[in-house]
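Data first, discussion second: the structure below is written as structure tokens.
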Amino acid sequence: GALLILNGPNLNLLGTREPEIYGSATLADVELLATEAATAAGFSASCVQSNHEGVLLDAIHAARGTAVGIIINAGAYTHTSVALRDAIAAVELPTVEVHISNVHQREEFRHHSYLSAVCGTVIVGAGIHGYELAVSYLDKTLN
Ligand code: DQA
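Last residue of the sequence shown: 152 (UniProt numbering), numbering continuous.
Dropping the structure here:
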């Protein structure tokens, strides 16, 4: 089966964006790491990054019937988007929410996620290894 690996706003700037918080790996590094982990576990992977909420919504909708699971780092939309939450709930796929940084150690406005209530699993603060941990979790629970 296929995994949808979804990255939201500003994650295209990984590697140069606040490296003291997000590290030096680029989005391409993250997508390669996640794809290799997925392939090793017998999944295929489809990676999408967008700065546009509607594109993220469309990708989630398209995952219904084509993917077996979703890994999502929704960036700042995590803290604002009821629409992403509703899309995740609608497609009824196992979904892992990933944050590179430990959002709970940061500003108060990052402590609440609209997505966590509908994502079965949440991984925060593991850096980019969070994406591999998410693949590993989906491997153990789906395969
Ligand atoms: C993030 C945390 C969010 O609060 C922030 O807006 C991001 C990245 C993370 O991966 O740590 O863009 O999702």
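Backbone N, C-alpha and C define an ideal beta-carbon position, used for all residues, glycine too.
Glu116 is classed as exposed because its beta carbon has fewer than 16 other beta carbons within 10 Å across all chains shown. Looking at the DSSP output, Val105 shares a beta bridge with Ile80 and Thr130.
Listed in chain order, the non-local C-beta contacts of Ala98 below 7 angstroms within the same chain comprise Val127, local neighbours out to five positions each way being set aside.
Taking a contact to require three or more Cβ pairs closer than 8 angstroms, the region 86-94 and the region 118-133 qualify as touching.
Your pair Val39 and Tyr140 checks out as a contact, with CB atoms roughly 6 angstroms apart and the cut at 8 angstroms. Between the region 19-28 and the region 58-73, the count of C-beta pairs closer than 8 angstroms reaches three or more; the two stretches touch. Taking a C-beta distance under 9 angstroms as the contact criterion, Val144 and Ile80 qualify as a contact pair.
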